[in-house]
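Participant: Chains as they are written, first to last, in our numbering: chain A, 11 to 366; chain B, 269 to 549.
All C-beta atoms, glycine included, are put in the ideal place defined by N, C-alpha and C.
Please read all numbers here as calculations on a predicted model, not as lab measurements.
Sending over a structure as structure tokens; questions will come in a sec.
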Amino acid sequence: MAFIELDDIAKSFGSKPALDGVSLAIERGETLAVFGPSGVGKTVLLRLLAGIMEPDRGDIRIGGASLLGVPPERREVAMAFQNFALYPHLTAFENIASPLRARQLDETQMKRRVGEIASLLRIDHVLDHLPRALSNGQKQRTALARSLVRAPAVLLLDDPLRNVDAKLRYEMRLELPRLFKRFGSTALYVTQDYREAMALGDRIAILLDHRLRQLGTPAEIYNHPADQRVARLFGDPPINLLPARVEASGGGATVRLFGQTLALRHRPVPAASGWDCLVGIRPEDVELSSEPIDGTAPFRLRATTPFSVRTALLLAGADGGELIASTTNPPAAETLWARFDLGRAVLFDAATGTAL
Amino acid sequence: MSPFRLLRPFLLLLVGLFFLFPIFWVVLMSFMTDQAIFSSPPSLFFKPTLQNYAALISGHLETGTGTLDVDYMRNLGNSLLLAAGSVIVSLLLGVPAAYAFARFKFRLGENIAFTLLSFRFAPPLLVLLPLQIYFQDLGLYDTYGGLIWVYQLITLPLILWIVRGYFEDASEDIEAAYRLDGHSWFKTFWRIAIPLARPGIAAAALLAFIFAWNNFIFALILGSSAVQPVTVGALAFITASGIHYGQIAAALVLSILPTLVLALYTQRYLVEGLSLGAVKG
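Listed below in structure tokens is the structure:
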């Protein structure tokens with residue numbers, strides 16, 4: 011039995027669904043990243059766990075006990091809000107001490123615990139400030155400190171890095187996993203940034219259309235996306251999705267891409283000929299050269315965008331089809347030769363979008 | 269500079285004079301004898317006298333036909349008691365109700381809130397006669413309790429609707445965060461919701477106080493001189509031997525002093541509360 015269990019949860023607001031039949035099992039100590047586009051119900055999922063809302067259908071269990079009807083103050087669940095939700099009339103110290111006050115800790119112990127978490131998050135010098143005197147980063151850390159100070163069994167984080175600047179976001183992305191481990195919390199981390207989901211989640215739950223679309227480790231999701239929408243959401247520059255038709259030939263199957271016939275090896279494909287599919291190829295799996303070599307097709311270079319280490323290249327094939335490649339050392343030529351390993355490609359059904 | 273900008277100070281002065289002159293004149297009158305008030309043409313140069321105030325405070329009014337006892341200081345005390353009492357009762361009832369209307373959806377919620385507001389639409393004269401009969405029967409006639417109760421028609425809707433706007437304006441997440449910290453619903457209301465709505469509560473309370481203070485008709489019909497406030501008490505200066513304008517003016521000055529001091533002190537809240545009420549109410 012998993013530590014946190016969501017069983018066929020549904021919640022709607024009027025006629026607008028927020029979640030529609032979501033089931034999840036989260037192990038103790040695990041960090042689960044909940045990823046999806048905005049409005050898909052990620053925040054609602056956290057609110058249902060927190061007890062701020064009740065589901066229309068389904069059951070929520072923590073440690074085997076159902077939480078339905080249990081008010082938020084008795085759920086032993088901590089939450090950091092996207093908008094921080096600090097108490098504007100209380101100092102940073104009192105904000106952080108609030109969960110300890112509710113547990114009636116004595117004054118000395120409380121000061122020690124608040125001091126500890128504050129110095130860990132490097133906000134010990136602003137503890138006597140009111141929230142409006144804090145920078146965004148300090149506010150975010152205060153909100154985080156408030157949720158961590160009581161070493162909660164379950165920690166809910168609602169896109170806590172959304173409203174902080176890029177540098178701090180990067181730092182926190184490195185720091186947070188250590189904090190989660192240190193407090194032994196089981197964490198649900200909501201984010202709209204696939205990099206954050208991959209960096210922080212032991213596993214990632216992907217919500218699409220108010221349903222759980224895929225659940226897996228970051229590597230599983232990146233390499234084996236369940237459908238073409240998941241594939242598109244993960245990766246920047248985005249995955250190439252090339253329309254093609256699978257033809258049976260001999261014992262195997264082939265596809266024609268950019269004027270070339272390529273064999274699909276190690277791939278179970280429907281036996282029937284003429285199956286329309288999308289061939290998903292990650293830009294980093296495209297191999298470029300300035301000379302024609304075995305198995306390459308010619309491309310014209312349309313545009314380049316330098317990223318930090320890699321450069322993304324937009325290429326146009328002889329048949330007009332476009333291909334995005336990314337590489338650390340882009341060849342300097344107008345015409346490039348590219349080939350890709352179909353063994354690493356992902357095939358999606360063109361009609362349904364689901365992976366094969 | 270445009271001509272309008274040049275003209276603006278003069279226009280402002282004109283508007284200010286228009287509104288403030290009557291008050292200025294009343295203050296002057298309160299220092300005049302009745303003879304000076306009636307002198308024609310009226311003059312700004314007169315020998316100021318404190319006799320009007322002395323008469324009010326001592327309670328003895330010298331008239332052409334003899335000495336008249338007035339109890340204006342008691343009226344002033346009544347005004348304070350009635351206005352403060354009704355505001356306190358309205359706060360105790362209205363603030364929790366406003367929170368309920370702002371935060372919870374319940375059956376007929378909007379209808380109840382609107383019904384409370386509609387008390388402000390009905391002309392008081394419409395309900396006064398039946399109320400007078402009920403009050404006599406219930407023993408509420410001529411009591412502070414009875415008047416404070418009927419003043420709720422004025423103060424409760426005002427406080428309810430202004431404070432409701434403030435509660436709706438505050439983020440629900442802040443309250444949710446406090447409950448997740450482990451605090452009960454009531455503590456959240458008391459330590460988070462109320463402090464965050466405090467400017468609105470202060471503004472609403474002040475406005476309600478002023479409205480209650482200025483009420484005339486309820487106290488005139490539902491109480492005798494023992495419980496009547498200054499608005500009714502000032503009528504005592506209209507006597508058989510004539511209208512004592514000097515004392516009326518002094519009475520007016522005394523009666524606007526408490527609300528004026530209160531309004532100046534909380535001016536910032538008042539403007540804020542009024543404008544928010546206008547947007548959200």
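Hey, residue 236(A) and residue 365(A): beta-carbon distance below 7 Å or not?
Facilitator: Going by C-beta atoms, residue 236(A) is nearer than 7 Å to residue 365(A).
Participant: Determine which residues of the stretch 73-88 of chain A have a Cβ less than 9 Å from any Cβ of chain B, and write them out in chain order.
Facilitator: Within the stretch 73-88 of chain A, the residues whose Cβ lies closer than 9 Å to some Cβ of chain B are 81, 82, 83, 84, 85, 86, 87 and 88, listed in chain order.
Participant: What's the call for residue 376(B), buried or exposed, on a 16-neighbour Cβ count within 10 Å?
Facilitator: So residue 376(B) ends up on the exposed side.
Participant: Pick out whichever of 494(B), 473(B) and 448(B) has its Cα sitting closest to the Cα of residue 353(B).
Facilitator: That would be 473(B), whose Cα lies nearest to the Cα of residue 353(B).
Participant: Using DSSP with H/G/I as helix, E/B as strand and the rest coil, what is residue 259(A)?
Facilitator: If DSSP states are grouped into helix, strand and coil, residue 259(A) belongs with the strands.
Participant: Alpha helix (DSSP H) containing residue 481(B): first to last residue?
Facilitator: Unbroken alpha helix (DSSP H) run through residue 481(B): 466-482.
Participant: Rounding to the nearest angstrom, what Cα-Cα distance links residue 128(A) and residue 118(A) in this structure?
Facilitator: The straight-line gap from Cα to Cα measures roughly 15 Å.
Participant: Report buried or exposed for residue 44(A), applying the criterion of at least 16 other Cβ atoms within 10 angstroms of its Cβ.
Facilitator: Per the 10 Å Cβ criterion, buried.
Participant: May I have the straight-line CA-CA distance separating residue 144(A) from residue 320(B), to the nearest angstrom?
Facilitator: Distance between the alpha carbons of residue 144(A) and residue 320(B): 58 Å.
Participant: Would the beta-carbon of residue 123(A) be found less than 6 Å away from any heavy atom of the ligand ADP?
Facilitator: The model on display carries no ligand, and the ligand ADP is accordingly not part of it.
Participant: Going along the chain, which residues of its own chain have a beta-carbon closer than 8 Å to the beta-carbon of residue 242(A), five neighbours each way excluded?
Facilitator: Once the five neighbours on either side are set aside, the close Cβ partners of residue 242(A) are 248, 249 and 251.
Participant: Find the nearest neighbour of residue 131(A) within the set 268(A), 228(A) and 181(A), judged by alpha-carbon distance.
Facilitator: The shortest C-alpha separation from residue 131(A) is found at 181(A).
Participant: Any C-beta of chain B within less than 7 Å: which residues of the stretch 105-129 of chain A qualify?
Facilitator: The residues in question are 108, 109, 112 and 113.
Participant: Would you mind reading off the limits of the beta strand (DSSP E) that contains residue 321(A)?
Facilitator: From DSSP, the beta strand (DSSP E) with residue 321(A) extends over 321-327.
Participant: Taking 7 Å as the CB-CB cut-off, is residue 302(B) touching chain A?
Facilitator: So, not an interface residue.
Participant: Listed in chain order, which residues of the stretch 292-305 of chain A have Cβ atoms closer than 8 Å to some Cβ of chain B?
Facilitator: Listed by position, the residues of the stretch 292-305 of chain A near chain B (Cβ gap below 8 Å) amount to none.
Participant: Would you mind telling me which residues of chain B sit closer than 8 Å to residue 95(A), beta carbon to beta carbon, in chain order?
Facilitator: Going along chain B in sequence order, the residues near residue 95(A) (Cβ under 8 Å) are 439, 441, 442, 444 and 445.
Participant: Are the CB atoms of residue 15(A) and residue 212(A) nearer to each other than 7 Å?
Facilitator: No, the pair does not count as a contact, with Cβ atoms beyond the cut-off.
Participant: Strictly by DSSP, which residues pair up with residue 311(A)?
Facilitator: Answer is 325(A), bridged to residue 311(A).
Participant: If contacts are defined as beta-carbon pairs under 8 Å, then residue 345(B) and residue 338(B) qualify, I think. What distance do you get, rounded to the angstrom?
Facilitator: That pair is no contact at about 14 Å.
Participant: Three Cβ pairs or more, each shorter than 8 Å: is that satisfied between the stretch 290-301 of chain B and the stretch 517-532 of chain B?
Facilitator: They touch, by the three-pair rule.
Participant: How many whole angstroms separate the CB atoms of residue 18(A) and residue 68(A), which I take to be in contact at a CB cut-off of 8 Å?
Facilitator: The pair is a contact, with the Cβ atoms about 4 Å apart (cut-off 8 Å).
Participant: Quick one: using the 10 Å Cβ neighbour count with 16 as the cut-off for buried, is residue 350(A) buried or exposed?
Facilitator: Classification of residue 350(A): buried, given that the 10 Å Cβ count is 16 or more.
Participant: Is there a Cβ from chain A that is less than 7 Å from the Cβ of residue 377(B)?
Facilitator: No, residue 377(B) lies away from the interface with chain A (no Cβ there is under 7 Å from its Cβ).
Participant: Go ahead and pull the three-state DSSP assignment for residue 353(B).
Facilitator: Note: residue 353(B) maps to helix in three-state DSSP.
Participant: Is it right to say residue 343(B) is buried, meaning 16 or more other beta carbons lie within 10 angstroms of its own, or is it exposed?
Facilitator: Residue 343(B) should be labelled buried.
Participant: Is residue 307(A) near residue 445(B), with beta carbons less than 7 Å apart?
Facilitator: Not closer than 7 Å, so no.
Participant: So, with DSSP's three-state summary, where would you put residue 27(A)?
Facilitator: Note: residue 27(A) maps to strand in three-state DSSP.
Participant: At a Cβ threshold of 7 Å, is residue 468(B) touching chain A?
Facilitator: By this cut-off, residue 468(B) is not an interface position.
Participant: Applying a beta-carbon distance threshold of less than 7 Å, which residues of chain A neighbour residue 451(B)?
Facilitator: Going along chain A in sequence order, the residues near residue 451(B) (Cβ under 7 Å) are 83 and 112.
Participant: Specify, as a first and last residue, the run of the beta strand (DSSP E) that residue 164(A) falls within.
Facilitator: First-last of the beta strand (DSSP E) with residue 164(A): 164-168.
Participant: Below 9 Å between beta carbons is the criterion; list the residues of the stretch 337-350 of chain A that meet it against any residue of chain B, in chain order.
Facilitator: Correct list: empty, as no residue qualifies.
Participant: Find the residues of chain E that neighbour residue 62(A), judging by a C-beta separation of less than 7 Å, and give them in chain order.
Facilitator: Absent here is chain E; the protein component of the structure consists of chains A and B.
Participant: For residue 329(A), I'd like the list of residues in its chain whose CB is within less than 8 Å of its CB, leaving aside the five on either flank, ordered along the chain.
Facilitator: Counting only Cβ-Cβ distances below 8 Å, and skipping sequence neighbours, we find 268 and 269.
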